[in-house]
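Report on the following structure.
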Amino acid sequence: MKADPRGVLTGTHFLDGDHACCEGALAAGARFAAGYPITPSTEVVERFASRVPKVGGTFIQMEDELAASITLQGAVWGGAKAFTVTSGPGFSLMMEHIGYAAMTETPCVFVDVQRGGPSTGLPTLPAQADMMQARWGSHGDYEIIALCPNSPQECFDLTIQAFNFSEEFRVPVMFMMDEVVGHMTEKVIIPPADQIEVVPRRHTRKAVEDYLPYGTNGDGVPEMAHAGEGYKFHVTGLTHDEHGYPNMTPATQDKLVRRLQNKIHDAIDRITLLEEECFDSEDVVVVSYGITSRVAQRAIEMARERGLKVGKLRLITCWPFPEKRIRELAATTKAFVVPELNLGQMVREVERAANGKARTFAVPHAGGSVHRPEDILKVIVEASR
Amino acid sequence: MTILDVTNPVEPFLRTDRMPHIWCPGCGIGTTVNCFARALIESKIDLQSIALVSGIGCTGRVAGYVKLDSFHTTHGRAIPFATGLKLANPKLNVIVYSGDGDLSAIGGNHLIHAARRNIDLKVICVNNLIYAMTGGQTAPTTPGHAITSTSPYGTCEPAFNLPHLVEAAGAVYVARWTTFHVKQLARSIGEAFQKKGFSFIEVISPCPTLYQRRNKLGDGLDTMKYYKEKSKVKHGAPTSEVGLTMTGEIIVGKFVDRDRPDYQSLLHAQMVESLGESYVEPSETVCSCS
Numbered sequence: 006m007k008a009d010p011r012g013v014l015t016g017t018h019f020l021d022g023d024h025a026c027c028e029g030a031l032a033a034g035a036r037f038a039a040g041y042p043i044t045p046s047t048e049v050v051e052r053f054a055s056r057v058p059k060v061g062g063t064f065i066q067m068e069d070e071l072a073a074s075i076t077l078q079g080a081v082w083g084g085a086k087a088f089t090v091t092s093g094p095g096f097s098l099m100m101e102h103i104g105y106a107a108m109t110e111t112p113c114v115f116v117d118v119q120r121g122g123p124s125t126g127l128p129t130l131p132a133q134a135d136m137m138q139a140r141w142g143s144h145g146d147y148e149i150i151a152l153c154p155n156s157p158q159e160c161f162d163l164t165i166q167a168f169n170f171s172e173e174f175r176v177p178v179m180f181m182m183d184e185v186v187g188h189m190t191e192k193v194i195i196p197p198a199d200q201i202e203v204v205p206r207r208h209t210r211k212a213v214e215d216y217l218p219y220g221t222n223g224d225g226v227p228e229m230a231h232a233g234e235g236y237k238f239h240v241t242g243l244t245h246d247e248h249g250y251p252n253m254t255p256a257t258q259d260k261l262v263r264r265l266q267n268k269i270h271d272a273i274d275r276i277t278l279l280e281e282e283c284f285d286s287e288d289v290v291v292v293s294y295g296i297t298s299r300v301a302q303r304a305i306e307m308a309r310e311r312g313l314k315v316g317k318l319r320l321i322t323c324w325p326f327p328e329k330r331i332r333e334l335a336a337t338t339k340a341f342v343v344p345e346l347n348l349g350q351m352v353r354e355v356e357r358a359a360n361g362k363a364r365t366f367a368v369p370h371a372g373g374s375v376h377r378p379e380d381i382l383k384v385i386v387e388a389s390r
Numbered sequence: 003m004t005i006l007d008v009t010n011p012v013e014p015f016l017r018t019d020r021m022p023h024i025w026c027p028g029c030g031i032g033t034t035v036n037c038f039a040r041a042l043i044e045s046k047i048d049l050q051s052i053a054l055v056s057g058i059g060c061t062g063r064v065a066g067y068v069k070l071d072s073f074h075t076t077h078g079r080a081i082p083f084a085t086g087l088k089l090a091n092p093k094l095n096v097i098v099y100s101g102d103g104d105l106s107a108i109g110g111n112h113l114i115h116a117a118r119r120n121i122d123l124k125v126i127c128v129n130n131l132i133y134a135m136t137g138g139q140t141a142p143t144t145p146g147h148a149i150t151s152t153s154p155y156g157t158c159e160p161a162f163n164l165p166h167l168v169e170a171a172g173a174v175y176v177a178r179w180t181t182f183h184v185k186q187l188a189r190s191i192g193e194a195f196q197k198k199g200f201s202f203i204e205v206i207s208p209c210p211t212l213y214q215r216r217n218k219l220g221d222g223l224d225t226m227k228y229y230k231e232k233s234k235v236k237h238g239a240p241t242s243e244v245g246l247t248m249t250g251e252i253i254v255g256k257f258v259d260r261d262r263p264d265y266q267s268l269l270h271a272q273m274v275e276s277l278g279e280s281y282v283e284p285s286e287t288v289c290s291c292s
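Quick note, the sequences are listed as chains H and A, same order. 6 is the number of the first residue of the first sequence in the working numbering; add one for each residue after it. 3 is the number of the first residue of the second sequence in the working numbering; add one for each residue after it.
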């Protein structure tokens, strides 16, 4: 279905990534956000608080991130599309509720504008060190989707994509920005509403007596009812059966947890978004994401000027990890170079997927600034030997 | 002998397919659910409009037994979940049904802020003075000197006086009963349904398995006798004077019944004042159904 034009600020704008993310959420149909102020993410909800009363929706500033991350889920079960926005310390506090959203299959979006950590770390400076936390931060086995924009334009476009994935798969989607992307200002083109594809809720049309809240369709994603519609359904974070009732047996656990994983695994090709510039048999492929991909671009150009055969793979979808493409490239390339604003997170995934077929070189950076292109170039040169 | 075909009048409100429940013999939580169901019958509220939200713990399991849209959320977070539900669909009557540990310890911050905002929620807090689900540990409500599994030599911490806390934070309706006071409790729940704003009903309830046994206070029946003998109805009692002790008097009654605008009325008024005609009511656009 097409976007509700009331939420779409069609036109050419000069926006920072945080504001563009907010416009993406509005275009996607988000009419509820709960937040707690934290640098460098707060501008997203500041703009939402200003915009949404004129569009027909609600922003509430909660008492902490624990509250924000569950208030939004209450709103989803009340019928809204909803999200929250945070950064490192707040993201840590939200982990339990990411698990709750995964377990109860509550479609929603968590925006994390990453800053340097651990702990309070570098509140105003960038990092990409929450990437593993986004995937594994809540306890238990579960799958999420994580997207990584590298420009304000993508903060707009991919926020819509994040909501669309969340609705299609009934899964919490992590929108992994970073401080630089959040605060850089660039041209952002917002298309007319009738050019924006929006995935509606998988809202059930079944009769009350036929509705099984966690009964699955062929694709493993159940249909959803909202409170107040007469279905009298039950939702729990406990292991539950198709009725949504607690059923704490190994068999029910196995069936449920595997389904939660498989509904994402089985659709990985559709979820995987990559930007790729690989020709035949590169010596080196640089794998990067977020702001680092823009620094890597410069390093790749410098390497090519030196005559090196260097390809580029930008992860737009970071989770589920696009291991199939890495595996394919590992067969034709000598080495992967993985710069990221952490001391080695996604590089482990690249190395795992390459499985010894190609060597893997990290370009670690503890955060606080972006890489210097020369530092990435140095590793490209080393890797291409 | 004639076998009469009678059903318990509260049965239509329960998920009978989930019985038997998990609560122990002598536990008071089932009694409170009975009172809740009777209040629903009395008040004739459209059941489709009701959503019940629980946290974690013995009382947290109430959500799983009532035949309503019901949400068993995370520990301490029933109130913020309920806040989101209510704001997204203001037509819902949202009940928060949870225990003392869930609402006042891990969820204590949400309790006071929801009362401050005056979110239109009806909170039923079953206070068994202990963490029961996890085996009887000290709670913020455990009276002084009580023996619990984590205070084997007696508690030394002062306990929360919950009616005083929520009144100070801004609740518009505050009452306390025990599970002995079934009629009064049902009536109070009915009254809370009529209030707009943050309503809080504390129900003192026995945990014979863990609290009464460890403190040699007898069984469920002995606790009923204690509630009967030591409870004193004092409507309008100053909440600062209703703190509980282990074996002393229990002041019960309706302590607070006042009016102040609830969150959504305040929000609406503020937006209309600031934005005038450019304000769009949330309810007009919130549903994201296809």
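Where is the CB? At the ideal position from N, CA and C, for every residue including glycine. Only a predicted model underlies this, so the values are computations on that prediction, with no experimental measurement involved.
Within 8 Å, strictly: CB atoms of residue i and residue j
i, j, result
"H:Tyr250", "A:Gly32", "no"
"H:Leu278", "H:Thr322", "yes"
"H:Phe180", "H:Asp117", "yes"
"A:Gly101", "A:Gly78", "no"
"H:Val368", "H:Val289", "no"
"H:Pro344", "H:Ala301", "yes"
"H:Leu31", "H:Gly12", "yes"
"H:Glu184", "H:Leu130", "yes"
"A:Arg216", "A:Thr150", "yes"
"H:His208", "H:Glu191", "no"
"A:Ala193", "A:Pro165", "Reading the sequence as shown, one finds Glu at residue 193 of chain A and not Ala. No, the Cβ-Cβ distance between A:Glu193 and A:Pro165 is not below 8 Å."
"A:Pro145", "A:Thr34", "no"
"A:Pro208", "A:Cys29", "yes"
"H:Glu172", "H:Pro112", "yes"
Sequence-distant residues of its chain with Cβ nearer than 6 Å to residue i (five each side left out)
i, result
"H:Phe161", "Ala25, Glu28, Gly29, Val193"
"A:Arg189", "none"
"A:Val98", "Val55, Ala80, Ile81, Ala84, Leu123, Val125"
"H:Glu354", "Phe326"
"H:Leu163", "Leu152, Pro154"
"H:Thr257", "Thr244, Asp246"
"H:Ala8", "Ala32, Ala198, Ile201, Val203"
"H:Leu20", "Pro157, Val193"
"A:Ser72", "Leu54, Ala65"
"H:Arg303", "Pro378"
Same chain, Cβ closer than 8 Å to residue i, neighbours up to 5 away in sequence not counted
i, result
"A:Met273", "Tyr281"
"H:Asp69", "Tyr41, Leu98"
"H:Asp224", "Lys268, Asp271, Ala272"
"A:Ala239", "Ile253, Gly255, Phe257"
"H:Asn360", "Arg332, Ala335"
Whole-Å CB distance - residue i paired with residue j, under 8 Å assumed
i, j, result
"H:Thr297", "H:Gln133", "6 Å"
"A:Val174", "A:Asn120", "7 Å"
Cβ neighbours of residue i in the same chain (closer than 7 Å, five flanking residues each side left out)
i, result
"A:Trp25", "Ile31, Gly32, Cys60"
"A:Ala116", "Ile81, Thr85, Leu123, Phe200"
"H:Glu280", "Arg319, Ile321"
"A:Gly103", "Gly59, Tyr133, Ala141"
"H:Gly126", "Gly93, Arg120"
"A:Phe15", "Ala39, Leu42, Val68, Lys69"
Residue i: CB within 7 Å of a non-hydrogen atom of the ligand MN
i, result
"H:Gly84", "Annotation note on the ligand MN: not contained in the displayed structure, which lists no ligands."
If contact is defined by three or more beta carbon pairs under 8 Å, each pair taking one atom from either stretch, is the stretch 20–28 of chain A in contact with the stretch 333–344 of chain H? no
Using a Cβ-Cβ cut-off of less than 7 Å, give me the residues of the stretch 66–97 of chain A that come near chain H, in sequence order. Gly66, Lys69, Leu70, Asp71, Ser72, Phe73, His74, Thr75, Thr76, Arg79, Pro82, Phe83, Ala84, Thr85, Gly86, Leu87, Leu89, Ala90, Asn91, Lys93, Leu94
Could you name the residues of the stretch 92–103 of chain H whose beta carbon sits closer than 9 Å to any beta carbon of chain A, in the order they occur along the chain? Glu101, His102
Taking contact to mean at least 3 C-beta pairs separated by less than 8 Å, is the stretch 33–41 of chain H in contact with the stretch 50–69 of chain H? Yes, the stretch 33–41 of chain H touches the stretch 50–69 of chain H.
Check whether the stretch 227–237 of chain A touches the stretch 169–189 of chain A, counting contact only when three or more Cβ pairs, one atom from each stretch, lie closer than 8 Å. yes
Does the stretch 118–131 of chain H touch the stretch 92–107 of chain H, meaning 3 or more C-beta pairs lie closer than 8 Å? yes
Which residues, in chain order, does the stretch 95–123 of chain A contribute to contact with chain H at a C-beta distance below 7 Å? Asn111, His112, His115
Near-chain H residues of the stretch 50–66 of chain A (beta-carbon distance less than 8 Å), N- to C-terminal order: The stretch 50–66 of chain A vs chain H, Cβ under 8 Å: Gln50, Ser51, Ala53, Val55, Ala65, Gly66.
In chain order, what residues of the stretch 74–94 of chain H put their CB closer than 9 Å to some CB of chain A? Taken in chain order, the members of the stretch 74–94 of chain H whose beta-carbon sits within less than 9 Å of a beta-carbon on chain A are Ser74, Ile75, Thr76, Leu77, Gln78, Gly79, Ala80, Val81, Trp82, Gly83, Gly84, Ala85, Lys86, Ala87.
Closer than 8 Å is the cut-off here; do at least three beta carbon pairs connect the stretch 5–14 of chain A with the stretch 148–160 of chain A? no
Would you be able to state if there are at least three C-beta pairs under 8 Å between the stretch 255–269 of chain A and the stretch 197–209 of chain A? yes
Contact list for the stretch 265–279 of chain A against chain H, Cβ threshold 8 Å: Leu269, Met273, Leu277
Which residues of the stretch 9–42 of chain H have a Cβ closer than 9 Å to any Cβ of chain A? Give them in chain order. Asp9, Arg11, Gly12, Gly34, Ala35, Arg36, Phe37, Ala39
Where the stretch 212–227 of chain H meets chain A: residues whose CB sits under 9 Å from a CB there: none
Residues within the stretch 9–31 of chain A neighbouring chain H, beta-carbon criterion of under 9 Å: Near chain H, meaning a CB-to-CB distance below 9 Å, the residues of the stretch 9–31 of chain A are Arg17, Asp19, Arg20.
Residues of the stretch 50–75 of chain H in Cβ contact with chain A at a cutoff of 7 Å, in chain order, please. Pro58, Lys59, Val60, Gly61, Gly62, Thr63, Ile65, Met67, Glu68, Asp69, Leu71, Ala72, Ile75
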